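To start, the structure itself, in structure tokens.
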Amino acid sequence: KNQVEQSPQSLIILEGKNCTLQCNYTVSPFSNLRWYKQDTGRGPVSLTIMTFSENTKSNGRYTATLDADTKQSSLHITASQLSDSASYICVVREQTGANNLFFGTGTRLTVIP
Amino acid sequence: NAGVTQTPKFQVLKTGQSMTLQCAQDMNHNSMYWYRQDPGMGLRLIYYSASEGTTDKGEVPNGYNVSRLNKREFSLRLESAAPSQTSVYFCASTKEVNSPLHFGNGTRLTVT
């Protein structure tokens, strides 16, 4: 069964600290993996898309890694800011089918001063 | 450039009432989607439209209908609302299947 699991469910960190969010998936055959940021009361916004051949991809203070062999991805946030408080959703696309996207339930990050 | 616009932002319905959720995108995207988001669950696909003139069922289509009015607009209709349809509804669009989804800011629907 195709699944995407994220950990931890929630996380509280101090402003300025780093953190890493995890995503494990069983989706096969794999096409790409996406990370989205969802602020409270808003729609998700894309942070990055990674294909099979990409190990690391950065978007400002956000760095995503992908290990397609172990089917794991992580999102590392450097020097966190209060505005990083949001839910982070991992999404994996299956190769077959036009709309086979599998969504994780998200990690709720709270950055406190 | 507004992106994806959803209306209304909030709605309260009584069981059995009907309503239409509106969605429009100004990015000239071919594909449009309707998702629902419930606490503790990932986003679930209700219906999608790969291109103007086509619509297909997603994971949870029961109780919903859609219309792809033109390339810009994709509406979601609840014919007879049920409490189980209380949720946050997101419309999204994309240029092509390997591009990122662009989401609207959602419609929060409560059915009493």
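First to last, the protein sequences are chains A and B.
Take any residue in the first sequence, count from 1 to its spot, add 289: that is its number in the numbering used here.
Take any residue in the second sequence, count from 1 to its spot, add 53: that is its number in the numbering used here.
For glycine and all other residues, C-beta sits at the position ideal for the given N, C-alpha and C.
Just so you know, these numbers come straight off a predicted model, no measurement behind them.
Minimum Cβ-Cβ distance from Val293(A) to chain B less than 8 Å: In the first sequence, counting from the first residue as 1, residue 293(A) sits at position 4. Yes, contact with chain B.
Interface flag, Met94(B) vs chain A, CB-CB below 8 Å: On the second sequence, position 41 is the one that residue 94(B) refers to. At least one chain A Cβ lies under 8 Å of Met94(B).
Beta-carbon proximity check, Gly159(B) vs Gly332(A), cutoff 8 Å: Your numbering for residue 159(B) matches position 106 in the second sequence. Your numbering for residue 332(A) matches position 43 in the first sequence. Against a cut-off of 8 Å, the Cβ pair of Gly332(A) and Gly159(B) comes out as a contact.
Asp328(A), DSSP secondary structure in three states: The count along the first sequence starts at 1 and reaches residue 328(A) at position 39. Here Asp328(A) sits in coil by DSSP.
Continuous beta strand (DSSP E) stretch holding His365(A): start and end: The count along the first sequence starts at 1 and reaches residue 365(A) at position 76. Note, His365(A): beta strand (DSSP E), 361 to 366.
Boundaries of the beta strand (DSSP E) in which Arg130(B) is found, first to last residue: Reading the second sequence from its first residue, position 77 is the one you call residue 130(B). 127 to 131 is the span of the beta strand (DSSP E), which, as asked, contains Arg130(B).
Span of the beta strand (DSSP E) around Leu162(B): Position 109 of the second sequence, counting from 1, holds the residue named residue 162(B). Its beta strand (DSSP E) spans residues 160 to 164.
Residues bridged to Thr288(A) (per DSSP): The first residue shown for chain A is 290 and the last is 402, placing residue 288(A) beyond what the model contains.
Whether Ser320(A) touches Thr396(A) by CB criterion (8 Å): One-based indexing of the first sequence puts residue 320(A) at position 31. One-based indexing of the first sequence puts residue 396(A) at position 107. Taking 8 Å as the Cβ cut-off, Ser320(A) and Thr396(A) do not qualify as a contacting pair.
C-beta atoms of Val316(A) and Asn291(A) nearer than 8 Å: Along the first sequence, read from residue 1 onward, the residue named residue 316(A) stands at position 27. Along the first sequence, read from residue 1 onward, the residue named residue 291(A) stands at position 2. Yes. Within cutoff.
Three-way DSSP call (helix, strand, coil) for Asp373(A) in this model: Counting from 1 along the first sequence, the entry for residue 373(A) is found at position 84. DSSP places Asp373(A) in helix when its eight states are reduced to three.
Pro318(A) versus Asp328(A), Phe391(A), Pro402(A), residue with shortest Cα-Cα distance: On the first sequence, residue 318(A) is found 29 positions in, with the first residue counted as 1. The residue with the shortest Cα to Cα distance from Pro318(A) is Phe391(A).
Assigned secondary structure, Ser104(B) (DSSP; H/G/I helix, E/B strand, else coil): For this step, residue 104(B) is matched to residue 51 along the second sequence. Coil, per DSSP.
Chain E within 8 Å of Ser335(A), Cβ atoms only: Protein chains in the displayed structure are A and B, and chain E is not among them.
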